[in-house]
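A.B. asks: For the sequence shown, my numbering begins at 1043 and goes up steadily by one.
Note that CB positions come from ideal geometry on N, CA and C, so glycine has one too.
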Amino acid sequence: MTEEESDDGRCVRHVVGSAKGVKPMKVRALTCAMLLAGGSLLPIAASARTCTGDAVETQHSARIGGKALRYIACAGTLPVRNLRGEVRGKIFYTAYLVPGARARPLTFVWNGGPGADSRTLQFHAVGPRILEQGKLVDNAASPLGVSDLVFVDPVGTGFSKADDPAHAADFYGTNADIASVAGFVTDFRTAYRRTGSALYLAGESFGTWRAAGVAERLIDAKVPVAGIALISGGIPLGDLPDRNRLRALSLVNRTATAHALGKLAPELQADQPRALAEARRWAEQVYAPALAAPDALSADDRARVIAGLARFQGLDPATIDAKTLWVSPRAFRTGLIAGDTLGLFDMRKTGAPEDESADGRTVLDYYRTALNYRAGSYAGIDAPESDAGSQWQYDQAPITPDSLARARAGEGPPSPSQPWTLRAMEKAPRLRAWVATGLYDSLNSCAGNEAVAAGLPKSVSARFTLRCYAGGHMMYEDPRETLRFGKDLAAFLRP
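Written as structure tokens, this is what we have:
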């Protein structure tokens, strides 16, 4: 065991060894060997090891929910095995556990991609320490105040790797991904003796598919799941029957974007809530029927639809396809402001994406120093980016050429998903779902998610909590929504 000063000036305890016993190591001279308290030096009391396997254990505190919270961080890996029990890779995790607290839920968190590690959610929204102007600070809104958290990097991302490069592709598919992560969740709960804790799964973007798919797989294995948090990825329900209605409702996000950029007509620009409500009514009552049967429209009706599309999106009517009456997400993003392209993840933004390389170095330094995790290299920071996305097999369902074309046009992963969410909630009558969406996200729709949830059987829809935030795909990065997002998620996870 060693005690030393962390990169942020706090004393942390590093414990290295097996789960069965830890041999004390020589303490560095004069390095946090004692704590100064009340004018006297007090020795740090030794404690039993919490982390298991190869995980490195460190102790920390952060101010969360208005009070100081002490917690343990475990940074390590668990093996992933095939059906014959052979190790084919390792999944890296960062677990934050509050010692001594009874009946705390256990929440597994991951991002999407596919091919993304978990650092966006961990260091921008959910973890106990988040990035603020390039530095790590306490996250006052972290749900660690109510639930233990486990951030998961699927194989091929972060520190997680296949045991042999030839085996990497075995993990790069929707079904294989769900299987490997479900296995990890099961193994972690067993290794950490948390099989009695309420279990939650939280995923962002493509990670919502993983969350819903893993939930169903665990439920099929008789593992109870209390809830799934679906962030910026819609509701994975398979091939939705009323796609035209959902496409029409994406108009509301665009009206909000045009309003934020000052591109609406004066009467709409004057009152955003009124503009959004009017856009939604028009989308449902006029636009959705027109999309369903464009060839049945008279010339006058077609002209009125084009005029409405131009009005609610701030576009020149001449740029709207008069035959299909559909403005693709990319066409909207390139057509609203001449010479500029709106952001894919936040349509209020223009120009090149921000350089996040400095944030990556801060994250890596956090792992190497504050968490004392020194093993391996981190994909995308001190190693090449993950190639999982380019190799991914979308094998969850047959992919049509039209779906593939929409994906290549920047409309998200090839659909359909599977109805994982509905099946899981029908199999587990107490399973709840929390859905978070950004109003300015080109890949998602607040109004669309509300319509989808409302169309489910009442026994299922009653267990949904839907939130719409004034932000983009990473809505929690908007300073006005950071605290609200954290509080809402914590309320969902609270026992």
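Give me the Cα-Cα distance between residue 1148 and residue 1420, rounded to the nearest whole angstrom.
C.D. replies: Near 25 Å, if we compare the C-alpha coordinates of residue 1420 and residue 1148.
A.B. asks: For residue 1090, count neighbouring Cβ atoms within 10 angstroms of its own Cβ and tell me buried if that reaches 16, exposed if not.
C.D. replies: By the 10 Å Cβ count, residue 1090 comes out exposed.
A.B. asks: Quick one: grab the DSSP three-state call for residue 1222.
C.D. replies: Three-state DSSP puts residue 1222 in a helix.
A.B. asks: Does DSSP put residue 1122 in a helix, a strand or coil?
C.D. replies: Strand at residue 1122.
A.B. asks: Judging by CA-CA distance, which residue of 1174, 1105, 1160 and 1186 is the nearest neighbour of residue 1143?
C.D. replies: Selected option, being the one with the closest Cα: 1186.
A.B. asks: I think residue 1489 touches residue 1291, with their Cβ atoms under 8 Å apart; what is that distance to the nearest whole Å?
C.D. replies: Indeed they touch by this definition, with Cβ atoms about 4 Å apart.
A.B. asks: Is residue 1080 helix, strand or coil when you go by DSSP?
C.D. replies: Note that residue 1080 scores 30 on pLDDT, short of 50, meaning its location in the model is unreliable; the coordinates nonetheless yield the value given after this. Of the three classes helix, strand and coil, the one that applies to residue 1080 here is coil, per DSSP.
A.B. asks: Using the beta-carbon count (16 or more within 10 Å), is residue 1460 buried or exposed?
C.D. replies: It is buried - the Cβ of residue 1460 has at least 16 other Cβ atoms within 10 Å.
A.B. asks: Work out the CA separation of residue 1468 and residue 1396 for me, nearest whole Å.
C.D. replies: So the alpha carbons of these two residues sit roughly 42 Å apart.
A.B. asks: Are residue 1458 and residue 1446 close, meaning C-beta to C-beta below 7 Å?
C.D. replies: The answer is no: Cβ separation not under 7 Å.
A.B. asks: DSSP three-state call for residue 1515: helix, strand or coil?
C.D. replies: If DSSP states are grouped into helix, strand and coil, residue 1515 belongs with coil.
A.B. asks: Take residue 1466 and list the residues in its own chain whose beta-carbon comes closer than 8 Å to its own, dropping the five residues that flank it on each side.
C.D. replies: Within the same chain, residue 1466 has close Cβ partners 1254, 1257, 1258, 1261, 1267, 1270 and 1473.
A.B. asks: So which of 1430, 1533, 1499 and 1442 has the shortest CA-CA distance to residue 1202?
C.D. replies: With distances taken between Cα atoms, residue 1202 lies closest to 1430.
A.B. asks: Do residue 1225 and residue 1400 have their CB atoms nearer than 7 Å?
C.D. replies: The answer is no: Cβ separation not under 7 Å.
A.B. asks: Since residue 1250 is in the beta strand (DSSP E), which residue starts that stretch and which ends it?
C.D. replies: Premise fails: residue 1250 lies in the alpha helix (DSSP H), 1249-1262, not in any beta strand (DSSP E).
A.B. asks: Opposite residue 1152 in the DSSP bridges: which residues?
C.D. replies: Paired residue(s): 1245.
A.B. asks: Measure from the alpha carbon of residue 1318 to the alpha carbon of each residue in 1355, 1284 and 1283, then state which is nearest.
C.D. replies: It is 1355 whose Cα lies nearest to the Cα of residue 1318.
A.B. asks: Can residue 1284 be considered in contact with the ligand HEM, in the sense that its beta carbon sits closer than 6 Å to one or more heavy atoms?
C.D. replies: Because no ligand of any kind appears in the structure shown, any question about the ligand HEM cannot be addressed here.
A.B. asks: Below 8 Å on the Cβ atoms is my guess for residue 1154 versus residue 1245; work out the distance and round it to an integer in Å.
C.D. replies: Confirmed, about 7 Å.
A.B. asks: Pull the bridge partners of residue 1362 from the DSSP assignment, please.
C.D. replies: Residue 1362 pairs with nothing; no bridge assigned.
A.B. asks: Let me know the secondary structure DSSP gives residue 1103 once reduced to three states.
C.D. replies: Three-state DSSP puts residue 1103 in a strand.
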